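The structure appears below as structure tokens.
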Amino acid sequence: MHMNLGIEERHGISFPCLFVFFIIVMLVVTPLSADAQGLQGAQREESGQNMRVVPDSAAQVQLSFAPVVAQVVPSVVNVYARRIVQRRRGLFDDPFFQQFFGDNFVAPRQRTQQSLGSGVIVDSDGLIVTNHHVIDGAQELTVVLADRREFKADLVLDDARTDLAVLKLQNPPDALPALELRDSDDIRVGDLVLAVGNPFGVGQTVTNGIVSALARSQIGVSDYQSFIQTDAAINPGNSGGALVTLDGRLLGVNTAIFSKSGGSVGIGFAIPANMVGRVIRAAKTDSEVKRPWLGAQFQDVGSDIAEAFGLGRAGGAVIVDLHEVSPLRQAGFKNGDVIQKVNGRDVFSPADVRFRIGTLEIGGQVELGAYRDTAEIIVGVALVAAPEVPSRNIQRIGGDSHFAGLQVANINPALSEERGLGPTKKGVIVLDVAVGSQARRAGFRIGDIVLAINGEEVQSVQDLQRLARANSAKLALEIERGNRRLRVTLRR
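Residue 397 is where the sequence shown starts when you use the numbering used here, and the numbers rise one by one after that.
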């Protein structure tokens, strides 16, 4: 199973250019070559703890990934997800027909569906990391190791917001080969990488390429987007598999591709190891990922905004809205401040800020570098959880109400953060719509936000029920659905 984003790019590079390029990028494989490590006169560039070696001649290059592959392959597994799905009933799924025939007019038909993805052993005790979309809705999970041993697995943590999930093998064998995670902040465009997984179910496959780009956002597969782009071939079945560097460490989890055909066109995306590590740590200590809350809404900083604000460069995140108890507000930030660094690392978009904060733990502080009136400021901000005030007050509405069948909740900062709503969003959100209910026939959908009834603002579930009782014959609703505002009239 793999996420296909349906876009293909064409490249006009000639074969001779490809050949020359291949030789050049192969040169940096030498840190793993025993011959190259002892080279005299080799130039060394130090980046953190990572050493990149440039050989004196092509004769000193070992053109084989075999030692790395032998180290990595035993840690990559196949993940089989078995789920029971309802077959669609065509026209009878339409709310118009449900008004006349109801949800049970045609009995739903079930079928068993099995999908295949990949996963990575990240703990010798049997923890496996894979993609959320590989295991989503599964009733049964089976993991097949590289040596073909099969194990049932339990879902330990499912984090749809990062498209990551952590499984635990049932009765795991001793000393499973786990991959060590690499600091994905230290990777550079041009570094060689290997992708390992089970494309199209043909069996474990290794492909090679380079890091094509960093911090890719607007991919649309998760809430936290700062993907590593690679041209290593990634295909359906690679989802959840490993993207590794030539030291045999996990750089990322392969997740999505751009393609019209469904196969690789050299544009693949992996979730960086720093986010993967955050989810793994949460799986070991809790059943969910609890992330810090900034309580702010940001806007991209284009060249026009950068010029207007007198910034040295475009990119970053300008604050446009702050919750009244936002930790940013409490640290002294205000609307118009432009954040361009998080813990000393450059950020180029709101997605960058969100991603970097999402890799941190609640507690302590994060250091934000920002510009205010052309002056640079560096401020420590407390890493706190989003408050659950007011209470969500989750309720299922029954009786003969227009809203009968809805499960609704008050919107508070914690719920807003979970669902990617604005920090100051108010109203009542629909969490569920019961099959066959009055609300279902009226056309309500999960995620709808009721803002007003008959011109009166709805700020709580209590408001919703009170206004529905007071105006039982006719309700004029203002509803937010996605990025649209709808006006709907309900009558008896």
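Ideal Cβ positions, reconstructed from N, Cα and C, are used throughout, including at glycine.
Small disclaimer: the values here were computed from a predicted structure and weren't measured.
Closer than 7 Å by C-beta to Val-846: which residues in its own chain qualify, once you throw out the five before and the five after it? Chain order, please.
Taking the sequence shown and counting its residues from 1, the one referred to as residue 846 is at position 450. Answer for Val-846: Gly-823, Val-824, Val-854, Leu-860, Leu-873 and Ile-875, listed in chain order.
Distance cut-off 6 Å: Gly-759 Cβ against heavy atoms of the ligand ADP
This structure does not include the ligand ADP; it has no bound ligands of any sort.
Residues sharing a beta bridge with Asn-474, DSSP:
Taking the first residue of the sequence shown as 1, we reach residue 474 at position 78. Its beta-bridge partners are Ser-514 and Val-540.
Rounded straight-line distance, which links the Cα of Ser-520 to that of Gln-510
Taking the sequence shown and counting its residues from 1, the one referred to as residue 510 is at position 114. Taking the sequence shown and counting its residues from 1, the one referred to as residue 520 is at position 124. Their backbone Cα atoms lie some 27 Å apart in a straight line.
What do you get for Arg-750, buried or exposed, if any count of 16 or more other CB atoms within 10 angstroms of its CB means buried?
By 1-based counting over the sequence shown, the position of residue 750 is 354. Buried, by the Cβ-count rule.
Endpoints, alpha helix (DSSP H) assigned at Gly-754:
Translated into the one-based positions of the sequence shown, residue 754 becomes position 358. 746-754 is the extent of the alpha helix (DSSP H) around Gly-754.
Restricting to Cα atoms, I'd like to know which of Val-539, Ile-531 and Leu-647 is closest to Leu-356.
An answer regarding residue 356 cannot be provided, because it is not within the stretch 397 to 888 covered by the chain.
At the level of alpha carbons, what is the spacing between Ser-745 and Ala-713?
Here residue 745 corresponds to residue number 349 of the sequence shown, with the count starting at 1. Here residue 713 corresponds to residue number 317 of the sequence shown, with the count starting at 1. Taking the straight line from one Cα to the other gives about 5 Å.
Classification of Glu-536 by the beta-carbon crowding that lies within 10 angstroms, buried from 16 upward:
The residue labelled residue 536 in the question sits at position 140 within the sequence shown. Answer is exposed; the Cβ neighbour count stays below 16.
Is there a C-beta anywhere in chain B that falls below 7 Å from the one on Asp-521?
Structure shown: chain B not included; a single protein chain is present.
Skipping 5 residues on each side, what residues in its chain have a beta carbon closer than 8 Å to that of Asp-543?
Start at 1 with the first residue of the sequence shown, and residue 543 comes out as number 147. So the list reads Pro-470, once near-sequence residues are dropped.
Less than 7 Å between the beta carbons of Pro-688 and Ile-606, yes or no?
In the sequence shown, counting from the first residue as 1, residue 688 sits at position 292. In the sequence shown, counting from the first residue as 1, residue 606 sits at position 210. Not a contact, by the Cβ cut-off of 7 Å.
Cα-Cα separation between Ile-624 and Ser-797, rounded to whole angstroms:
For the purposes of this step, residue 624 is taken as the residue at position 228 of the sequence shown. For the purposes of this step, residue 797 is taken as the residue at position 401 of the sequence shown. Taking the straight line joining both Cα atoms gives about 50 Å.
Ala-432 to Asp-452, Cα distance in whole Å?
Here the question's residue 432 lines up with position 36 in the sequence shown. Here the question's residue 452 lines up with position 56 in the sequence shown. Here the model assigns Ala-432 a pLDDT of 32, short of 50, so the residue's position is not dependable, and the following value carries that caveat. Taking the straight line from one Cα to the other gives about 9 Å.
Which stretch, first to last residue, makes up the alpha helix (DSSP H) that contains Ile-807?
Reading the sequence shown from its first residue, position 411 is the one you call residue 807. Premise fails: Ile-807 is in no alpha helix (DSSP H) and is neither H nor E.
Can you tell me whether Gly-691 is buried or exposed? The criterion is at least 16 other CB atoms within 10 Å of its CB, across all chains shown.
Taking the sequence shown and counting its residues from 1, the one referred to as residue 691 is at position 295. Buried, by the Cβ-count rule.
Identify, in the order they occur along the chain, each residue of the same chain with its Cβ nearer than 6 Å to the Cβ of Arg-887, setting aside the five sequence neighbours on each side.
By one-based count along the sequence shown, residue 887 stands at place 491. These residues qualify, in order along the chain: Lys-870.
My guess is that Ala-477 and Ile-531 are in contact by the Cβ rule of under 8 Å, so how many angstroms apart are they, rounded?
Here the question's residue 477 lines up with position 81 in the sequence shown. Here the question's residue 531 lines up with position 135 in the sequence shown. Correct: roughly 5 Å between the Cβ atoms.
Chain-order list of residues whose beta-carbon lies under 6 Å from that of Leu-707 (same chain, five-residue window excluded)
Here residue 707 refers to the residue found at position 311 of the sequence shown. If we look at Leu-707 and ignore the five residues flanking it on each side, its Cβ neighbours are Tyr-767.
May I have the straight-line CA-CA distance separating Arg-440 from Leu-610, to the nearest angstrom?
Stepping through the sequence shown from its first residue, residue 440 is reached at position 44. Stepping through the sequence shown from its first residue, residue 610 is reached at position 214. With a pLDDT of 40 at Arg-440, under the threshold of 50, the modelled position of this residue cannot be trusted, and the question is left open.
Distance between Arg-877 and Gly-843 (C-alpha atoms, nearest Å)
Residue 843 sits at position 447 when you count from the first residue of the sequence shown. Residue 877 sits at position 481 when you count from the first residue of the sequence shown. Answer to the nearest angstrom: the Cα atoms are 7 Å apart.
Can you have a look at Gly-728 and say buried or exposed, based on whether 16 or more other CB atoms are within 10 angstroms of its CB?
By 1-based counting over the sequence shown, the position of residue 728 is 332. The residue in question, Gly-728, is exposed, as its Cβ has fewer than 16 Cβ neighbours within 10 Å.
Quickly, what does DSSP pair Pro-819 with across the bridge? List them, please.
Reading the sequence shown from its first residue, position 423 is the one you call residue 819. According to DSSP, Pro-819 bridges with nothing at all.
So, with DSSP's three-state summary, where would you put Leu-886?
Here residue 886 refers to the residue found at position 490 of the sequence shown. It is a strand residue.
In the DSSP assignment, what are the bridge partners of Arg-507?
For the purposes of this step, residue 507 is taken as the residue at position 111 of the sequence shown. Looking at the DSSP assignment, Arg-507 forms a beta bridge with Val-481.
CB-CB length for His-868 against Ala-747, believed under 8 Å
Your numbering for residue 868 matches position 472 in the sequence shown. Your numbering for residue 747 matches position 351 in the sequence shown. According to the sequence shown, residue 868 is Ser rather than His. The Cβ separation is near 45 Å, so there is no contact.
Report buried or exposed for Val-734, applying the criterion of at least 16 other Cβ atoms within 10 angstroms of its Cβ.
In the sequence shown, the residue the question calls residue 734 occupies position 338. By the 10 Å Cβ count, Val-734 comes out buried.
Which of helix, strand or coil DSSP assigns to Gly-794:
Position 398 of the sequence shown holds residue 794. Gly-794: coil per DSSP, three-state reduction.
Got a sec, what are the start and stop residues for the alpha helix (DSSP H) Ser-699 sits in?
The residue labelled residue 699 in the question sits at position 303 within the sequence shown. Note, Ser-699: alpha helix (DSSP H), 699-705.
Which residues does DSSP pair with Ala-713 in a beta bridge?
Indexing the sequence shown from 1 puts residue 713 at position 317. Asp-696 and Ile-735.
Please say whether Ile-615 and Phe-694 have beta carbons closer to each other than 7 Å?
The residue given as residue 694 occupies position 298 in the sequence shown. The residue given as residue 615 occupies position 219 in the sequence shown. No. Outside cutoff.
Taking the beta carbon of Gly-636 as the centre, do at least 16 other beta carbons fall within 10 Å, making it buried, or is it exposed?
Taking the sequence shown and counting its residues from 1, the one referred to as residue 636 is at position 240. Its Cβ being crowded by 16 or more others within 10 Å, Gly-636 is buried.
Given Val-481 as reference, the closest of Ala-534, Ile-524, Pro-463 and Val-598 once Cα atoms are compared
Position 85 of the sequence shown holds residue 481. If we check each option's Cα against that of Val-481, Ala-534 comes out closest.
Taking just the CA atoms, how far does Ile-663 sit from Leu-642?
Taking the sequence shown and counting its residues from 1, the one referred to as residue 642 is at position 246. Taking the sequence shown and counting its residues from 1, the one referred to as residue 663 is at position 267. Taking the straight line from one Cα to the other gives about 20 Å.
Under the rule that 16 or more other beta-carbon atoms within 10 Å means buried, what is Ser-580, buried or exposed?
Mapped onto the sequence shown, residue 580 falls at position 184. Classification for Ser-580: buried.
Rounded to the nearest angstrom, what separates Ser-787 and Asn-808 at their Cα positions?
Taking the sequence shown and counting its residues from 1, one reaches residue 787 at position 391. Taking the sequence shown and counting its residues from 1, one reaches residue 808 at position 412. About 7 Å.
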